[in-house]
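Residues 1 to 383 (this note's numbering) make up the sequence shown, in order.
A short write-up of the structure that comes next.
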Amino acid sequence: MTEKLYYTSAYIKEFDALVKKCEKTDKGYIVILDKTAFYPEGGGQPCDKGKLNDISVYDVQENGDDVIHYTTKELPEGTQVHGIIDWARRFDLMVQHSGEHIVSGFINARFGYNNVGFHMGADMITVDLDGDITKEQLKEIEAAVNDYIIENHHIEILYPTPDELKELKYRSKKELEGDVRIIRFPGGDTCACCGTHVDTTAEIGIVKLISVQKFHEGVRIEMICGKRAYEYCAAAVEENSVISNLLSAKVFETSSAVERLLNENQQLKIKLSESENNMLNMIAENYKGISDKIVLNQKNLPPDSVRKLAAALIEQNSGLVAVFSGDDENGYKYAVAQKDGDLKALVKDMNTQLNGRGGGKPFFAQGSVNTAWKNIEDFLKDK
Ligand SMILES: [Zn+2]
1 MTEKLYYTSA YIKEFDALVK KCEKTDKGYI VILDKTAFYP EGGGQPCDKG
51 KLNDISVYDV QENGDDVIHY TTKELPEGTQ VHGIIDWARR FDLMVQHSGE
101 HIVSGFINAR FGYNNVGFHM GADMITVDLD GDITKEQLKE IEAAVNDYII
151 ENHHIEILYP TPDELKELKY RSKKELEGDV RIIRFPGGDT CACCGTHVDT
201 TAEIGIVKLI SVQKFHEGVR IEMICGKRAY EYCAAAVEEN SVISNLLSAK
251 VFETSSAVER LLNENQQLKI KLSESENNML NMIAENYKGI SDKIVLNQKN
301 LPPDSVRKLA AALIEQNSGL VAVFSGDDEN GYKYAVAQKD GDLKALVKDM
351 NTQLNGRGGG KPFFAQGSVN TAWKNIEDFL KDK
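Next comes the structure, spelled out in structure tokens:
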């Protein structure tokens, strides 16, 4: 049985221990010590990493009463080792875990929903709830949780007797028996948990609830705490500051400035489309009444305008209409059409001879050819 120093204090960063067992496996060496401050993965909290002497510990798991350290090299049985845990990683996980308890506790107290899934990712913490919460309600919870952590409450860790446990109101994922470890944030949350937590809520710093989305029967919340939350907010402020400079808008007026810009953009698109339609109609007007075929090479027309121009031309003419736009280097977009015509053979032939692709209806086809203008003219000469 390994003595679990992380339950003596979650703040033990270094310790000395005796190697009781060391075995080579497919996954590296497994090392069991008489005592350890390395927290094994469990209760939603990822494991600690760090070093035993100068050998890396890359995974830690619980096996019955033992804690198993996975190391990259052998540590001989019977030797003394000095363990150092990666404190930045552990403290961050403690901060996220404690913050998650308070958020889940506040939501449970206000809405009665349970935390039914909890994942501490490298970037985000996710909390799954068995009920629905709106964005507005999420903001209210965030404000209340941050007020609470600033009040700097001291955490309590309790091991109640079975009789005391019966009287205790606490959150838990399953019915618990035997020794139950209770984490209490006074006035905030009481929950059964085997993880490591901060001593005081002020160490959590900030709790930022990032998003809420429908998930199964309830919602999934994304959240971060402490330094992660600070860095996220700092990056968001920096991003907004860049937008503010680009738009010459005050930092709290960037969204209305962007909205204005989008409206202007929409109006410009409408105007552009109107003047393009006018231009296409004018071109079509110039070719009114021509019964012979019409072959046009128009500069810089988007594919949709090539189509529109061909459509306008066949309204007024009965012969073959072929509209192209492009250049010899990049090829040409085309629309070929003829009122009541059947152009299937012509289009197939054109695609083959002019290195093209495209098709459509018998009387109207669109596509592109990759060839020089001269070759297009030669191809259409006798059509
Ligand atoms: Zn927990």
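All C-beta atoms, glycine included, are put in the ideal place defined by N, C-alpha and C.
First and last residue of the alpha helix (DSSP H) that includes residue i?
i	result
Thr-8	5–8
Lys-24	Element bounds for Lys-24: not the alpha helix (DSSP H) but the beta strand (DSSP E), 14–25.
Phe-363	Per DSSP, Phe-363 belongs to no alpha helix (DSSP H) and is neither H nor E.
Thr-418	Not covered by the structure: residue 418. The range shown for the chain is 1 to 383.
Asp-378	373–380
Ile-55	Premise fails: Ile-55 lies in the beta strand (DSSP E), 55–63, not in any alpha helix (DSSP H).
Ala-322	Element bounds for Ala-322: not the alpha helix (DSSP H) but the beta strand (DSSP E), 321–327.
Met-350	344–353
Asn-146	135–150
Ala-312	303–316
Glu-164	162–167
Looking only at its chain, what residues have a beta carbon closer than 6 Å to the beta carbon of residue i, apart from the 5 residues adjacent to it on each side?
i	result
Lys-308	Leu-280
Ala-257	Leu-247 and Ala-249
Asp-163	none
Thr-196	Tyr-6, Ala-10, Tyr-39 and Met-94
Val-116	Asp-128 and Asp-130
Ile-84	Glu-14, Gly-50 and Lys-51
Met-124	Glu-222
Ser-172	Ala-192
Ile-243	Thr-254
Gln-298	Ser-325
Just to check my reading of the structure: residue i and residue j have Cβ atoms closer than 8 Å, yes? What is that Cβ distance to the nearest angstrom?
i	j	result
Glu-3	Lys-35	4 Å
Cys-225	Ile-210	Incorrect: roughly 11 Å between the Cβ atoms, too far for contact.
Phe-106	Gly-188	7 Å
Ala-365	Gly-359	5 Å
Ile-30	Ile-68	5 Å
Ile-314	Ala-345	Wrong, their Cβ atoms sit about 18 Å apart, outside the cutoff.
Val-306	Ala-284	Not confirmed; about 13 Å, so no contact.
Lys-20	Ile-12	About 19 Å separates the two Cβ atoms, so there is no contact after all.
Leu-320	Lys-383	6 Å
Met-120	Pro-46	6 Å
Asp-48	Arg-89	7 Å
Asp-304	Trp-373	Actually they do not touch by this definition, with Cβ atoms about 21 Å apart.
Val-219	Ile-133	5 Å
Which residue marks the beginning of the beta strand (DSSP E) containing residue i, and which one marks its end?
i	result
His-97	No beta strand (DSSP E) contains His-97, which is instead part of the alpha helix (DSSP H) from 87–111.
Thr-126	125–129
Val-212	207–215
Thr-190	189–192
Gly-226	Premise fails: Gly-226 lies in the alpha helix (DSSP H), 226–247, not in any beta strand (DSSP E).
Arg-184	182–185
Leu-296	294–297
Asn-115	115–120
Lys-333	331–337
Lys-51	50–52
Ile-155	That residue, Ile-155, is in no beta strand (DSSP E); it is neither H nor E in DSSP.
Val-67	66–71
Val-198	It is not in any beta strand (DSSP E) - Val-198 carries neither H nor E in the DSSP assignment.
Leu-33	28–33
Spatial neighbours of residue i within its chain, please: CB distance less than 8 Å, with the 5 preceding and 5 following residues excluded, ordered by chain position.
i	result
Leu-354	Val-369, Asn-370, Thr-371, Asn-375, Ile-376 and Phe-379
Ile-157	Arg-181, Ile-182, Ile-183, Arg-184 and His-197
Asn-317	Tyr-287, Lys-288, Gly-289, Ile-290, Ser-291, Ile-294 and Lys-339
Tyr-232	Lys-208, Ile-210 and Ile-224
Asp-342	Pro-362 and Phe-363
Excluding sequence positions up to five away, which residues of its chain have a Cβ less than 7 Å from the Cβ of residue i?
i	result
Gln-80	Asp-16 and Leu-18
Tyr-332	Phe-324, Ser-325, Gly-326, Ser-368, Val-369 and Ile-376
Tyr-170	Ile-182, Thr-190, Cys-191 and Ala-192
Pro-160	Leu-168, Val-180 and Ile-182
Pro-186	His-153 and Glu-156
Asp-199	His-154 and Ile-155
Phe-215	Asp-128
Got a sec: does ligand 3 put a non-hydrogen atom nearer than 7 Å to the Cβ of residue i?
i	result
Cys-225	Although ligand 3 was asked about, the structure shown includes only ligand 1 as ligands.
Taking Cβ positions only, does residue i come closer than 8 Å to chain D?
i	result
Asn-115	Considering every chain present, this structure includes no chain D. It has just one protein chain.
Between the stretch 105–118 and the stretch 56–69, are three or more C-beta pairs nearer than 8 Å?
no
Check whether the stretch 134–153 touches the stretch 74–89, counting contact only when three or more Cβ pairs, one atom from each stretch, lie closer than 8 Å.
no
Three or more C-beta pairs closer than 8 Å, one from the stretch 187–195 and one from the stretch 96–103: is that the case here?
Judged by pairs of C-beta atoms under 8 Å, the stretch 187–195 touches the stretch 96–103, as three or more such pairs exist.
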